[in-house]
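Note sheet for the following structure.
Residue numbers (our numbering), protein chains in the order written: chain A, 168 to 584; chain B, 168 to 584.
Set out below in structure tokens:
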């Protein structure tokens, strides 16, 4: 069972915004055994949309369309739908009452014609009622293909996918099984890992595929099994993961696809009833932000200080000004004093500190661009390590964040009973 | 002159990673007058790649291909290239020496066969030398279409686009002009703006298109003019922006496409020689992170405190515990004490503080999920405003960040001479 995901909007084609909707939809339908055949971004042009629909007709079972449903864009997408399905627009009573309530009741404005037009839908379509916004989704079948149109606003699209579309597909379609297992590794590059596991990879059964997903400092290995018999797939995955773990046991740090390192750290800290604090210079708050992106972070995250200016390292983190003079602000010594300072200030069990030069210019530090010191404090010790993460700025910041979590996780794991 | 951007990789089609490469390429080529006709994500499958190449042949002048060039994926993309172009792989001397130097010289490892294979390229291709990684780019023409293959690692891809491909296209192709102008507005919704500017929009010349780009709390209006005569395009854009500014003067906050609000704030603070500090609770460091994502932020950003736990608000920000007891931790009073605390602690001219309940659970605060207080301190005053940003968590955080910048910018603008 195959789907194609189509995004409509010139703003994507000129690179003004990144399309994250397609990725969300692909992940959601993959979990219920629907394979995304292609993703496609096209312009707001009527003929372009019509050509795309024709090309996809009877090639895939489902076509997801996002974008082109806002109040100012309604006309083209809905009219194109009417053209393609030989249909006309009619006002949907439920949608109209919902739009009216949102505009008049919540936003406290008189309803306008443009608002009212949001309730117009093709007469043959099945309306996907959008509780969290004004533009409804639409579900329309032609021969062997269903076209599903969704608003482009991410949280509205997500609401409809999660609450309306996924349950509907599960009810109405028979689907094969797709199982994934992701193995997270740290510290070795893609080609080195590939050499170590070459024999194992060559012996994988036909219905199991391996993918390498490298990102700064880590490589995820993803196994995908696809077929009709869930047990056979699960067994093949489980057996091969055991075999793999024997070969690269030294670099495996986790197993679950959705389990990012910040989630793993959060779980470990919660289990151990321990807390964490952060002192950031070159990472500018990103470590704190990633930690607090996890629901429930308030159970273990005490807080953080972004000591961007040198004198705030002294005033807020109690770093000794002589240490800065002697070793410079980008140094192991300063990183260690920062991590001790934050651990004391926040009264936490663990702490992370970063100081470095992310570029693009050298700033007040003498260190080369890309030089970063990461310090970790545990209940028992304090240490700092030096890294050079090269350029550009965004890469240095991302690699520092990843490496800091990696160092911290190792320390926390030492204390697991 | 048209291009299609193709991304190869199953990891995109199952939604495991979001494709940001296509957006980067689209933006880069748009600036030199190359129009992106479509973006396409396809699987690592040889036949799928070959079919895609055939479909695009002679339909567009340029096909950009990213992904499928890592050390473990080399075989399929390069062999598919050889199939499509009826070519064979040969070792490129320059690339080999570069790979050897990187692996042996920098990574201090013996070179392996897999590393060596990275230097294999189709004999007829023009090699795009990749200084920042091991996989070279490739430029191959067939009839009226050039196929450009690039590594999927974002900073390697960016290096080649910026330093090799864009200069090459400028040298070798005659292109039309594409001009954009983006008008940033705050505080009114898409449909309300559309009604206000309807007459103006209907009077735009044929070669000028308008797009609405809504995001939480703000709408960007983008004008695009396309044609052979740069002066005519520029004049049409300039005249229409002046006319537009007369109609919606009250909500326009800026004009440049790349000028995000954090960049504008940074420029204003630098001009005025003023500084900024942040105290964040529900936004968890995101405001600091966005501020420090701007190069040169060290000129005006003093630092921030992420006071996630309630008692750190007391110990780090000097919030009075009685205030918390009396008004609760999510309140205007606490937000104001936080902003005063951080301004004093960091010795800054301006400060932002946030406290709220981003969900998904209610936590220790009594406030409803989505309730946020934002406080702003200026050299002259302190105030706090209450908002409800609904759900889910990510939307609450993003809207809080945007709204905080909007409030701050207004205050800074009051002090512009």
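A virtual CB, placed ideally from N, CA and C, is assigned to each residue, including glycine.
- In the DSSP assignment, residue 561(B) falls within the alpha helix (DSSP H) that extends over 560-581.
- With 16 or more other Cβ atoms inside 10 Å of its own Cβ, residue 432(A) counts as buried.
- DSSP places residue 555(A) in the uninterrupted beta strand (DSSP E) bounded by 549-555.
- If you draw a 10 Å sphere on the C-beta of residue 580(A), you find fewer than 16 other C-beta atoms in it, and that means exposed.
- For residue 483(A), the chain B residues whose Cβ falls inside 9 Å of its Cβ are 470, 472, 483, 512 and 513, in order along the chain.
- Close to chain A, meaning a Cβ-Cβ distance shorter than 7 Å, are the following residues of the stretch 194-215 of chain B: 194, 197, 203, 205, 206, 207, 208 and 209.
- Of the candidates 265(B), 451(B) and 221(B), 451(B) places its Cα closest to the Cα of residue 560(B).
- The alpha carbon of residue 323(A) has as its nearest neighbour, out of 343(A), 297(A) and 333(A), the alpha carbon of 297(A).
- In this structure the stretch 210-225 of chain B does not lie against the stretch 207-220 of chain A, because fewer than three pairs of beta carbons, one per stretch, are closer than 8 Å.
- Per DSSP, reduced to three states, the secondary structure at residue 408(A) is helical.
- At a cut-off of 8 Å between beta-carbon atoms, residue 183(A) makes contact with chain B.
- Under the 8 Å criterion on CB atoms, residue 282(A) is classed as interfacial with respect to chain B.
- Here residue 469(A) is near residue 476(B), since their CB atoms are less than 8 Å apart.
- Here residue 515(A) has 442, 443, 444 and 469 as same chain residues with Cβ atoms under 6 Å from its own Cβ, once five neighbours each way along the sequence are excluded.
- Only exposed fits residue 369(B), as fewer than 16 other CB atoms lie within 10 angstroms of its CB.
- For residue 202(B), the enclosing beta strand (DSSP E) begins and ends at 202-209.
- Here the alpha carbon of residue 299(B) sits roughly 10 Å from the alpha carbon of residue 325(B).
- Relative to the Cα of residue 411(A), the nearest Cα in the group 362(A), 435(A) and 393(A) belongs to 362(A).
- In chain A, no part has a C-beta under 7 Å from the C-beta of residue 269(B); the shortest such distance is about 11 Å.
- Note that the C-beta distance between residue 170(B) and residue 219(B) is not below 8 Å.
- In terms of beta-carbon proximity, residue 393(A) stays away from the interface with chain B, with every pair separated by 8 Å or more.
- When C-beta atoms of the stretch 414-424 of chain B are compared with those of the stretch 343-360 of chain B, three or more pairs fall below 8 Å, so the two segments count as touching.
- Taking the beta carbon of residue 389(A) as reference, the chain B residues within 9 Å of it are 177, 178, 181 and 183, listed in sequence order.
- Nearest CB-CB separation between residue 453(B) and chain A: below the 8 Å threshold.
- For residue 475(B), the nearest beta carbon of chain A is closer than 8 Å to its own beta carbon.
- Residue contact with chain B for residue 226(A): absent (no Cβ-Cβ distance below 8 Å to any residue of chain B).
- Within the DSSP bridge table, the entry for residue 313(B) names 229(B) and 308(B) as partners.
- Taking a Cβ-Cβ cut-off of 7 Å, residue 401(A) has no neighbours in chain B, whose nearest Cβ is about 18 Å from it.
- DSSP places residue 486(B) outside both helix and strand once states are collapsed to three, so it counts as coil.
- Residues of chain A with a Cβ closer than 7 Å to the Cβ of residue 527(B) are, in chain order, 462.
- At a cut-off of 8 Å between beta-carbon atoms, residue 362(A) makes contact with chain B.
- For residue 566(A), no Cβ of chain B is located within less than 8 Å of the residue's own Cβ.
- The alpha helix (DSSP H) runs lying completely inside the stretch 420-508 of chain A and spanning 4 residues or more are 428-439, 453-459, 477-484 and 488-494, given in chain order.
- Residue-level contact check: residue 438(B) does not touch chain A, since none of the beta carbons of chain A fall below 8 Å from its beta carbon.
- Of all residues in the stretch 369-386 of chain B, the ones placed with a Cβ closer than 8 Å to any Cβ belonging to chain A are 376, 378, 379, 380 and 381, in chain order.
- With contacts defined by Cβ atoms closer than 8 Å, residue 262(B) and residue 288(B) form a contacting pair.
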